[in-house]
Amino acid sequence: MASDVDPQAWECRDKDDQAKTAYHSPLRNTNRILAEENMRLKKLLRENGIAWSPVAQAHLNSSRSTKRHTRSSMTSKDLGRPQFPMEIILRVLKFALTSQYPIIDPLSTLTSANLTDKEKSRGNQVAIHFLATCKALRVEGLRIFWTSNDFVFTTPQAVRQFADLDSQYRASIAHVTFRVIATYYDESTNRKHTLESTYHHSMSRQSKLKVHVRPRETPLVRGGLRSYAWTQIVDFLTGLRAPYDPKMHQKSVPRPKLLPSLGSLRLDLVNFSENILPFSGSEFHDVASHEFGCSLNEIQITGMPAAASGLKAGAELSGLLKDEGLYLEGDAAFHAVCNRSLRSLPGEVWNVSRVVRAYDEDDEDIWSDIESQEDFFMHHNHTKIGIMPAAPPEFGHPQSSRHEDSVIWKRVPISRDSKVRDWVQFCRYGGQEVKDDKSTPDEEVYCPNCGEIHEASVMSDSDED
2 MASDVDPQAW ECRDKDDQAK TAYHSPLRNT NRILAEENMR LKKLLRENGI
52 AWSPVAQAHL NSSRSTKRHT RSSMTSKDLG RPQFPMEIIL RVLKFALTSQ
102 YPIIDPLSTL TSANLTDKEK SRGNQVAIHF LATCKALRVE GLRIFWTSND
152 FVFTTPQAVR QFADLDSQYR ASIAHVTFRV IATYYDESTN RKHTLESTYH
202 HSMSRQSKLK VHVRPRETPL VRGGLRSYAW TQIVDFLTGL RAPYDPKMHQ
252 KSVPRPKLLP SLGSLRLDLV NFSENILPFS GSEFHDVASH EFGCSLNEIQ
302 ITGMPAAASG LKAGAELSGL LKDEGLYLEG DAAFHAVCNR SLRSLPGEVW
352 NVSRVVRAYD EDDEDIWSDI ESQEDFFMHH NHTKIGIMPA APPEFGHPQS
402 SRHEDSVIWK RVPISRDSKV RDWVQFCRYG GQEVKDDKST PDEEVYCPNC
452 GEIHEASVMS DSDED
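What the sequence shown shows, in the working numbering, is residues 2 to 466, in sequence order.
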């Protein structure tokens, strides 16, 4: 933490980073068009036996000597029938195009600073060359690749670049991960800023915060320490806006979002300081609670600051969830170390697990036979929005010792990074996790639905039958 300046940063977008992004984006698009045109010209020359380089000339001479034929020049009689059943071919194709690790920044250039050492050393995770075998395997292989893998995005530009993918593949993606690495800027190299040791339980001391140096500008331009954290989340979310589709001519319905089937989102917040970051602004609230409000069934957040700014941001991000949606918070998963690769951090259980907007005032007659519940709801009703459809219920859960209408069952990951899920029941009053053991300590708890403090015994005992 700096000693000679206000430790709280000013949240904004950096002009240099924006200029760099704007410079590279049109070049990438132009290079793609030129590369496609170059391939068409090479194919035309190859079909006419014309070499465009010494390497191509040697390849043509070798082809003539061995009388090698390409698949496109062979007839169906020459090709013959497949030697394996189609079921075997599809099973091999799925095995070859499915990665055990998430695919990071698909369709975009990887940013080395946003990767861990293990992620850098993985290399090719799928046998992508299967797609160049023939048209049939390419069509089926693309469908398998985009539906069978998990995807991680580390920059807002990678999310927007994903719009280049055909809508038929984007429509099947139901879960993605946003790795949001907070970026800090300062105009002075003399001030030193640190990330507090409370960022993660594995950190025994403060860590030097990675700060980008920017030149000093005129006095009218606000200087000092600046951050790109909450606004970066805004840019990630706005990247999910509906891309322009020239094939869509119907104006009576809105265009589908970038990922129309998205139901689960994970936000890995990196280097989000609880001492330096200011409160999120109005743009953050508008995007999370209005533009994309009530659109997800589940949201997982790691690395949320344990401060007032984090509580405010968490409450606004819960607006992304539908009624009875699952909200999870856990320890930070990564640490951006100064001048080094991203470092993975251990994590166990979720620190916060709750269901948002769980109580429907129309169900109040269920509890009319219990006096304490009537008194509680007479003064403290949690109503659902009711305009948008609620999260779909999950079936196959075990039998609860409580009244069946007083709890909501959800399948929750057993740990922060595990894909294995177990059944957990949540109280329909406050949305908190409850146990079958009805003995609850007589202490005060924070109610995430209204921001007030209630006795834990009231919130838990109120849903006894």
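We put the beta carbon where it would ideally sit given N, CA and C, even for glycine.
Contact annotation, V357 with V288: C-beta distance approximately 17 Å; criterion of less than 8 Å not satisfied. Annotated three-state conformation of Q433 is strand, per DSSP.
Of the candidates G304, F335 and N340, G304 places its Cα closest to the Cα of N352.
Secondary structure note for V254: it is in no beta strand (DSSP E), with a DSSP letter that is neither H nor E. Your pair V160 and Q233 does not check out as a contact, with CB atoms roughly 11 Å apart and the cut at 8 Å. Buried is the label assigned to C428, since at least 16 other Cβ atoms lie within 10 Å of its Cβ.
Of the candidates S265, A333 and L260, the residue whose Cα lies closest to the Cα of I300 is S265. Taking G397 as reference, the option from A391, I409 and K209 with the minimal CA-CA separation is I409. The beta carbon of L259 sits closer than 8 Å to those of V160, F163, A164, R171, G240, L241, R242, A243 and P244, all from its chain and outside the five residues before and after it, given in chain order. One alpha carbon belongs to I302, the other to H404, and they sit about 31 Å apart. Within the region 88–163, the complete beta strand (DSSP E) segments of 3 residues or longer fall at 152–154, listed in chain order.
Residue range W231 to T239 is occupied by the alpha helix (DSSP H) that includes Q233, with no beta strand (DSSP E) assigned at that position. Less than 9 Å divides the Cβ of F131 from the Cβ of A97. No residue range can be given for G224, since it is assigned to no alpha helix (DSSP H) and is classified by DSSP as neither H nor E.
The C-alpha of A230 is placed about 56 Å away from the C-alpha of N49.
In its chain, beyond the 5 residues on either side, V235 have a beta carbon closer than 6 Å to the beta carbon of E284. Positions of the beta strand (DSSP E) runs, each at least 3 residues long and wholly inside the region 313–369, are given as 322–331, 335–337, 343–345 and 353–356 in order along the chain. Just measuring C-alpha positions, the residue of G432, R417 and V413 sitting nearest V425 is V413. Excluding five sequence positions before and after T195, the CB atoms of its chain that fall closer than 8 Å to its own CB belong to M2, Q207, S208, K209 and L210, given in chain order. Proximity to H202 across F154, D423, K420 and H336 peaks at H336, based on C-alpha coordinates. Taking the Cα of K119 as reference, the smallest distance to any Cα among K193, T99, I105 and N62 is reached at I105. In the DSSP assignment, R171 falls within the alpha helix (DSSP H) that extends over S168 to R171.
Measuring C-alpha to C-alpha distances from R227 to each of T190, S253 and Y186 identifies Y186 as the nearest.
Boundaries of the alpha helix (DSSP H) around H286: S283 to H286. Taking 9 Å as the cut-off, the beta carbon of L318 is found closer than this to the beta carbon of L268.
DSSP places Q426 in the strand class (E or B) of the three-state scheme.
Nearest C-alpha to K121 among I277, R341 and P255: R341. Y185 has V212 and S228 as its beta-bridge partners, per DSSP. In the three-state scheme derived from DSSP, where H, G and I count as helix and E and B as strand, P414 is classed as strand. By the Cβ neighbour-count rule, I34 is exposed, with fewer than 16 other Cβ atoms within 10 Å of its own. Shown here, Q58 sits in a helix according to DSSP, grouped into three states. Inclusion of L278 and P306 in the CB contact set at 9 Å is warranted, their separation being smaller than that value. Note that the C-beta distance between C13 and R223 is below 9 Å. By alpha-carbon distance to A314, the top candidate from S290, V421, D332 and L143 is S290. Taking the Cα positions, V212 is about 50 Å away from P399. One thing to note: F152 has its Cβ within 9 Å of the Cβ of T178.
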